[in-house]
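Number of protein chains: 2
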Amino acid sequence: MRDAREDAEAIFAKALEGVIPGRLLERSVTREGRELRISHDRGQFSLDLDAYRHVLVLGFGKASGELAVSLEAILGDRIEDGFVVTKAVGRNRCKRLRLAEASHPVPDSRSMAAGREALALAAQARAWEAAGEPTLVLMLISGGGSALLCLPAEGLSLDDKAGTTKLLLASGARIGEMNAVRKHLSGIKGGRLAEAFYPATLVSLVLSDVMGDDLDTIASGPTVPDSSTWEDATEILRRRGLWESIPVRVRRHLEEGLQGTKPDTPKPGSRVFEKAWSFILGNNLLALKQARSEALERGYSCLVLSSRLEGEAREIARVFSAMAVDMERYGLPLARPACILAGGETTVTLRGKGRGGRNQEMALAFLCALEDCKALDLNLAFLSAGTDGADGPTDAAGAFALPSMVGQARAMSLDPANFLADNDSYTFFASLGGLLKTGPTGTNVCDVQILLMP
Amino acid sequence: MRDAREDAEAIFAKALEGVIPGRLLERSVTREGRELRISHDRGQFSLDLDAYRHVLVLGFGKASGELAVSLEAILGDRIEDGFVVTKAVGRNRCKRLRLAEASHPVPDSRSMAAGREALALAAQARAWEAAGEPTLVLMLISGGGSALLCLPAEGLSLDDKAGTTKLLLASGARIGEMNAVRKHLSGIKGGRLAEAFYPATLVSLVLSDVMGDDLDTIASGPTVPDSSTWEDATEILRRRGLWESIPVRVRRHLEEGLQGTKPDTPKPGSRVFEKAWSFILGNNLLALKQARSEALERGYSCLVLSSRLEGEAREIARVFSAMAVDMERYGLPLARPACILAGGETTVTLRGKGRGGRNQEMALAFLCALEDCKALDLNLAFLSAGTDGADGPTDAAGAFALPSMVGQARAMSLDPANFLADNDSYTFFASLGGLLKTGPTGTNVCDVQILLMP
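These protein sequences, in sequence, are chains F and R.
For the first sequence, position 66 matches number 67 in the numbering used here, and the numbering has no gaps at all.
For the second sequence, position 290 matches number 291 in the numbering used here, and the numbering has no gaps at all.
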């Protein structure tokens with residue numbers, strides 16, 4: 002007899018294994034003598050290392066320490082210089098690359114020091130190129146890179162940027178709007194880092210923590226073109242009624258941009274990207290594919306809904322409960338034993354004062370929805386968890402929802418609906434033994450949902 | 002070259018054809034001489050008409066006029082008496098059955114007159130049974146029956162019930178809570194109608210407008226057991242802080258129930274259900290199956306997600322956009338040409354002042370989500386529509402969402418996100434030619450969503 006919870010945990014573990022940064026890099030990047038090969042989903046890209054006099058490495062992001070160790074193992078002493086900024090260096094050790102730590106998600110002075118160091122490295126690369134010495138720069142980019150490597154545009158402070166961001170958030174600005182403004186307040190984001198390294202050869206190896214793998218969003222797209230303009234950034238702030246409330250230095254900075262005193266971020270087609278390439282090492286889909294293999298192995302029929310599920314966690318949960326009930330009743334969308342997989346990044350609109358994260362909230366909402374459907378007798382497990390091991394400000398990666406938990410909760414005089422109303426999913430699942438704790442996984446490719454019906 | 006919108010419209014039309022009330026009844030109910038057969042999803046049920054001296058028919062609900070016409074065609078003059086109350090008699094004509102109209106969704110005096118007439122019919126049936134004359138009562142039940150056939154418990158007025166319902170709604174009570182209270186204020190709902198007809202034989206033929214086909218929810222379950230008690234009803238009102246605000250007669254009525262002065266609604270296992278059977282003639286799943294056949298016929302691979310999708314329309318929309326993008330990119334969950342089907346009943350939390358319905362809102366939110374994903378270049382059509390032909394307080398059944406509409410809207414200086422924020426999906430789609438208008442369809446099995454990617 003299959004145990005749904007055990008199987009769900011094993012399937013999640015396999016999904017994680019599939020996206021360990023070091024392994025992903027080793028899978029994609031190989032070296033044979035002077036040839037460096039990068040396999041990607043459309044084929045292979047290769048470089049002649051001997052064509053370069055200098056090889057530099059610059060890494061930023063939560064998984065970039067691990068990526069650096071693997072890259073060093075491949076390139077060894079061909080790496081001349083470089084450094085990597087990450088949230089926690091942990092046990093990662095490099096011989097040639099300097100590993101530094103900075104703050105995430107809120108950048109600090111170490112983030113700015115890292116930003117300045119990146120520009121110093123860029124100045125070195127430009128100087129070499131100017132001296133006719135071809136220079137290759139390998140970038141190791143992963144989620145969180147935007148906070149860890151940070152440098153406001155000249156004349157602006159971290160506070161100026163943070164203040165503007167906060168106003169935008171409170172105004173309900175969409176992520177695209179946030180990015181357009183932020184890229185115009187930065188000395189690094191929105192392709193400016195690529196610009197700084199031009200004309201060196203730039204190869205970005207990216208672990209995607211962003212749905213859809215939009216390169217201009219991951220770590221705020223420092224090495225890819227930015228389509229947004231000074232006009233866009235200004236217009237967004239005006240439309241949101243924030244133009245008068247933003248810090249005066251930010252307003253002046255944008256006005257100078259509009260007047261043409263300051264150059265815009267590099268646009269698609271700009272020459273600074275002539276020798277710049279980006280490759281995705283891993284993403285949510287890869288985790289889902291690993292999960293699918295494991296589910297099939299365990300005898301489940303399997304459906305991958307999407308790798309980019311977004312929306313309010315408690316609402317999206319109802320799609321899973323609706324599928325669960327219809328699988329039981331009609332064998333739709335799949336006949337049992339069945340596994341439905343999805344990935345992405347949902348959101349939680351905070352209404353209560355409890356503890357939790359979007360994954361735990363989704364698991365709790367799933368239970369409430371099952372109860373509304375009078376379907377608590379179903380044999381199933383639902384797991385929603387973050388691949389980074391940290392769901393919201395908690396020590397859990399996510400939570401298992403088992404229908405039996407509702408009865409157990411009521412026997413303890415706990416009402417699931419009350420916990421959901423208070424956004425207190427952590428306390429709920431802690432009481433019921435439903436938390437999944439993996440500790441920091443060293444990777445981050447958004448979240449994974451597993452609905453398992455033996 | 003397939004036209005996605007055309008195909009979606011044709012698939013929806015087929016879904017509707019599959020749930021036309023008259024046809025559903027003729028498919029399920031057949032007569033051979035003295036034998037009346039009812040086919041259902043677990044087999045067949047048959048009755049010997051000659052065992053009954055009297056055959057009565059009682060119908061209530063929006064589709065019950067059509068059901069009555071079909072039933073009369075089958076039973077002819079074996080029907081001795083009966084009547085049917087519906088929202089619009091339209092072109093339905095019966096020889097033996099009286100067809101009446103009443104108000105929906107808010108009951109009126111005609112609804113109460115119908116309720117009294119039903120109880121008079123019940124008194125006749127009881128009298129015959131008491132005289133040793135076996136009586137068969139065929140009930141034709143469909144959505145809206147709860148408003149169309151209505152009788153407050155003795156001593157209560159329509160206003161008492163309506164006032165209590167309004168308070169519950171405003172307090173955020175869940176549908177199960179609403180029903181528990183309402184059934185205890187009614188002389189018909191929650192099995193009381195079956196009780197009134199006891200010991201006659203009762204066969205309910207039900208067109209389900211409710212997700213999951215819960216018989217105790219459809220038309221408020223007048224012919225099936227009610228598990229909720231006087232205590233439940235009272236406790237719900239107290240917990241919601243409404244006990245002091247409800248009309249004084251309602252409070253007194255419930256107190257009398259608690260004290261045992263008034264009998265509770267008939268519970269599961271009660272003898273009044275000994276000779277009572279219910280059969281579902283049609284439901285959302287049936288519509289989806291018809292849609293699937295048509296989609297397969299047109300060369301699409303097809304996935305039926307669920308027949309009971311619920312949740313906030315604008316959030317659920319994002320699940321469809323997420324699947325659309327991943328189908329284009331990765332062939333997940335299906336390879337193109339693909340059709341994803343779902344059904345159910347979502348909700349809209351009104352924030353703005355515009356016009357629309359849950360289906361049109363979902364279609365609009367789908368477009369906004371596609372735009373957020375920068376996926377407006379996809380070749381697809383998304384249709385969300387109500388099978389009754391009326392989405393919210395509009396003359397449209399729902400709306401088609403085509404990615405090209407976003408560009409067209411912007412060219413007309415219309416911002417889809419603004420229309421969504423104002424719950425003004427009707428105006429948006431009216432401007433873009435995206436409305437689906439079927440007129441009243443005469444059936445009602447919730448909504449259908451069709452995502453089509455040629």
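Beta carbons: idealized from backbone N, C-alpha and C, even for Gly.
Per the C-alpha coordinates, the member of Q450(F), Y199(F), R241(F), S158(F) positioned closest to L137(F) is Y199(F).
Along the stretch 302-326 of chain R, the positions whose C-beta sits under 7 Å from a C-beta of chain F are L304, V305, L306, S307, S308, R309, L310, E311, G312, E313, E316, I317, R319, V320, A323, M324, V326, read in chain order. Counting along the chain, E372(R) sits inside the alpha helix (DSSP H) bounded by residues 359-373. Between V182(R) and A234(R), the alpha-carbon positions lie close to 5 Å from each other. Chain-order list of chain R residues neighbouring L286(F): Y331, by C-beta distance under 7 Å.
For V305(R), the closest C-alpha among the options Q450(R), R54(R), V86(R) is that of Q450(R). Look at the stretch 363-392 of chain R: the residues with a C-beta under 7 Å from a C-beta of chain F are D373, C374. The C-beta separation of T202(R) from K96(R) comes to about 23 Å, leaving the pair out of contact by the 8 Å criterion.
If you draw a straight line from the Cα of T166(R) to the Cα of L194(R), it is about 21 Å long.
In the same chain as E27(F), and ignoring 5 residues on each side of it, the C-beta atoms closer than 7 Å to its own belong to S71, in chain order. Beta-bridge partners assigned by DSSP to A402(R): F383(R).
Beta-bridge pairing by DSSP links C340(F) to C303(F), L453(F). The alpha carbon of A123(R) has as its nearest neighbour, out of L186(R), V58(R), F367(R), F420(R), the alpha carbon of V58(R). Taken residue by residue, none of the stretch 222-239 of chain R has a beta-carbon sitting less than 8 Å from a beta-carbon on chain F. Excluding five sequence positions before and after Q291(F), the CB atoms of its chain that fall closer than 7 Å to its own CB belong to K15, A16, E18, G19, given in chain order. Residue I189(F) holds the alpha-carbon nearest to the alpha-carbon of A220(F) among V349(F), A296(F), I189(F), L170(F).
The DSSP assignment places complete beta strand (DSSP E) segments of no fewer than 3 residues inside the stretch 166-228 of chain F at 202-208, in order along the chain. A residue is called buried once 16 or more other Cβ atoms fall within 10 Å of its Cβ, and M212(F) is buried on that count.
Taking the CA atoms as reference points, R241(R) sits about 7 Å from S172(R). Check the Cα spacing between R293(F) and each of D8(F), I12(F), D4(F), A89(F): the tightest is with I12(F). By the C-beta density criterion, A288(F) is buried, having at least 16 other C-beta atoms within 10 angstroms. Taking a C-beta distance under 8 Å as the contact criterion, L206(F) and F280(F) qualify as a contact pair.
Taking C-beta atoms as the reference points, A402(F) and F383(F) count as a pair closer than 8 Å.
Closest by C-alpha distance to A325(F), out of E316(F), A314(F), A339(F), P269(F), is A339(F). Rounded to whole angstroms, the gap between the alpha carbons of F430(R) and S414(R) is 14 Å. In the structure shown, M140(F) adopts extended strand secondary structure according to DSSP, grouped into three states.
DSSP places L48(F) in the uninterrupted beta strand (DSSP E) bounded by 44-49. Its chain contains V86, G146, L149, L150 as the residues whose beta carbon lies nearer than 6 Å to that of F61(R), once the 5 sequence neighbours on both sides are disregarded; these appear in chain order. Legend: CB atoms of the stretch 164-176 of chain F lying less than 7 Å from CB atoms of chain R belong to residues R175. Nearest Cα to G435(F) within the set T230(F), A89(F), P404(F), R239(F): P404(F). Boundaries around A16(F) are those of the alpha helix (DSSP H), 5-18, since no beta strand (DSSP E) includes it. Among the residues facing chain R, G213(F) is included, as its CB has a counterpart in that chain under 8 Å away.
Contact check for P269(F) against S228(F) passes: the beta carbons are separated by less than 8 Å.
Sequence-distant Cβ neighbours of G390(R) in its own chain, meaning closer than 7 Å and more than five residues away, are A398, T439, G440, P441, T442.
Rounded to whole angstroms, the gap between the alpha carbons of E7(F) and S302(F) is 17 Å. Looking at the DSSP output, T87(F) shares a beta bridge with E102(F).
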